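Chains as they are written, first to last, in this note's numbering: chain A, 13 to 144; chain B, 3 to 141.
Right, dumping it as structure tokens:
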């Protein structure tokens, strides 16, 4: 399992635990209300599970299992690392922007960072999606 | 494919069907009002999709394909793996029943079911991470 996959999958697992924890706090608070402010964790719960867990896990595994170039070369891995960096910056901004009272601009920048991650990863992996 | 992965993947496929059936009901029921608690169908739909289908499929495939941990315990602790399966599906079932009950009545039973669901789902995630972390390695 290559280094980028290990980093992405470990990050995805951390987001899974955090996403489940936030979701659990939201559910518990709905069951037995104890802190109304917990509702502000909802964007983090959704972002961590949809993007941090599911998308990041898929990107990490794709890097590992999609056919490599001759000699086991992965191609332009700097683009994949850039994608991981942009993706996580976007996730954190989208999750914690509302908690920190950042305005709508933080949501826009967060989504733009995630879009940049998708472009960077797409450019990286595109040439490897081919017959062996 | 090991038995635990087969259970995860087949259960995930059943949840995929349940997700789309719930999606249809969520659209059809509001004008008909035939299902008690149908106001919760949207939130149930998202949890069936993300936990029942996506996460469960990932758990099953990761348990099957990730590098082995060791010769003695290739897939980590089997009991912890089965615990994550039971807790995930038990937690989901409690969540679904709790959400429907909560919409249909205001008694405390539904509230406590939802709290129990939280605990089961959190423990399922922790069990999976605990069993998988040591298998994320180079060789």
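The beta-carbon is built from N, C-alpha and C at its ideal position, and this holds for glycine as well.
Values in this document were obtained by computation on a predicted structure and should not be read as measured data.
Backbone CA spacing between residue i and residue j [nearest angstrom]
| i | j | result |
| --- | --- | --- |
| residue 134 (chain B) | residue 66 (chain A) | 16 Å |
| residue 113 (chain B) | residue 36 (chain A) | 13 Å |
| residue 142 (chain A) | residue 45 (chain A) | 53 Å |
| residue 85 (chain A) | residue 77 (chain A) | 13 Å |
| residue 15 (chain A) | residue 50 (chain B) | 32 Å |
| residue 55 (chain B) | residue 135 (chain A) | 29 Å |
| residue 94 (chain A) | residue 23 (chain A) | 15 Å |
| residue 28 (chain B) | residue 125 (chain A) | 33 Å |
| residue 72 (chain A) | residue 108 (chain B) | 44 Å |
| residue 5 (chain B) | residue 87 (chain B) | 12 Å |
| residue 80 (chain B) | residue 58 (chain B) | 16 Å |
| residue 87 (chain A) | residue 113 (chain A) | 41 Å |
| residue 46 (chain B) | residue 58 (chain A) | 14 Å |
| residue 131 (chain A) | residue 137 (chain A) | 10 Å |
| residue 91 (chain B) | residue 13 (chain A) | 29 Å |
| residue 117 (chain A) | residue 105 (chain A) | 10 Å |
| residue 25 (chain B) | residue 26 (chain A) | 29 Å |
| residue 34 (chain A) | residue 41 (chain A) | 10 Å |
| residue 74 (chain A) | residue 99 (chain A) | 15 Å |
| residue 18 (chain A) | residue 68 (chain A) | 11 Å |
Nearest-angstrom Cβ-Cβ length linking residue i and residue j, presumed shorter than 8 Å
| i | j | result |
| --- | --- | --- |
| residue 110 (chain A) | residue 55 (chain A) | 5 Å |
| residue 73 (chain B) | residue 65 (chain B) | Actually they do not touch by this definition, with Cβ atoms about 17 Å apart. |
| residue 93 (chain B) | residue 126 (chain B) | 6 Å |
| residue 102 (chain A) | residue 123 (chain A) | 7 Å |
| residue 43 (chain A) | residue 60 (chain B) | In fact, because the Cβ distance is near 27 Å, the residues do not count as touching under 8 Å. |
| residue 89 (chain B) | residue 122 (chain B) | 5 Å |
| residue 70 (chain A) | residue 133 (chain A) | Not confirmed; about 10 Å, so no contact. |
| residue 63 (chain B) | residue 132 (chain B) | In fact, because the Cβ distance is near 18 Å, the residues do not count as touching under 8 Å. |
| residue 124 (chain B) | residue 32 (chain A) | 5 Å |
| residue 137 (chain B) | residue 70 (chain B) | 7 Å |
| residue 129 (chain B) | residue 85 (chain B) | 5 Å |
| residue 119 (chain B) | residue 42 (chain B) | Wrong, their Cβ atoms sit about 13 Å apart, outside the cutoff. |
| residue 38 (chain A) | residue 50 (chain A) | 6 Å |
Residue i, buried or exposed, once every other Cβ within 10 Å from all chains shown has been counted against 16
| i | result |
| --- | --- |
| residue 60 (chain A) | buried |
| residue 47 (chain A) | exposed |
| residue 67 (chain B) | exposed |
| residue 23 (chain B) | exposed |
| residue 100 (chain B) | buried |
| residue 19 (chain B) | exposed |
| residue 115 (chain A) | exposed |
| residue 3 (chain B) | exposed |
| residue 107 (chain A) | buried |
| residue 28 (chain A) | buried |
| residue 64 (chain A) | buried |
| residue 21 (chain A) | buried |
| residue 10 (chain B) | buried |
| residue 81 (chain A) | exposed |
| residue 179 (chain B) | Limits of chain B in this structure are 3 at one end and 141 at the other, which puts residue 179 (chain B) out of reach. |
| residue 30 (chain A) | buried |
| residue 16 (chain B) | exposed |
| residue 142 (chain B) | Past the boundaries of the shown model lies residue 142 (chain B); chain B is included only from 3 to 141, so the question cannot be answered. |
| residue 120 (chain A) | exposed |
| residue 129 (chain A) | buried |
| residue 14 (chain B) | buried |
Bridge partners - residue i, DSSP secondary structure assignment
| i | result |
| --- | --- |
| residue 61 (chain B) | According to DSSP, which records beta bridges pairwise, residue 61 (chain B) is partnered with nothing at all. |
Closer than 7 Å: residue i CB and nearest the ligand HEM heavy atom
| i | result |
| --- | --- |
| residue 10 (chain B) | Among the components modelled here there is no ligand, and therefore nothing to report on the ligand HEM. |
### Task
May I have a chain-ordered list of the beta strand (DSSP E) segments no shorter than 3 residues that lie completely inside the stretch 61-127 of chain A?
none
### Chain-ordered residues of the stretch 123-136 of chain B with a beta carbon less than 7 Å from chain E
Any reference to chain E falls outside this structure, whose protein chains are A and B.
#### Entry: 4 or more residues per run - each alpha helix (DSSP H) lying fully within the stretch 80-126 of chain B
80-106
### Query
What are the start and end residues of each continuous alpha helix (DSSP H) run of 4 or more residues lying completely inside the stretch 6-31 of chain B, in chain order?
none
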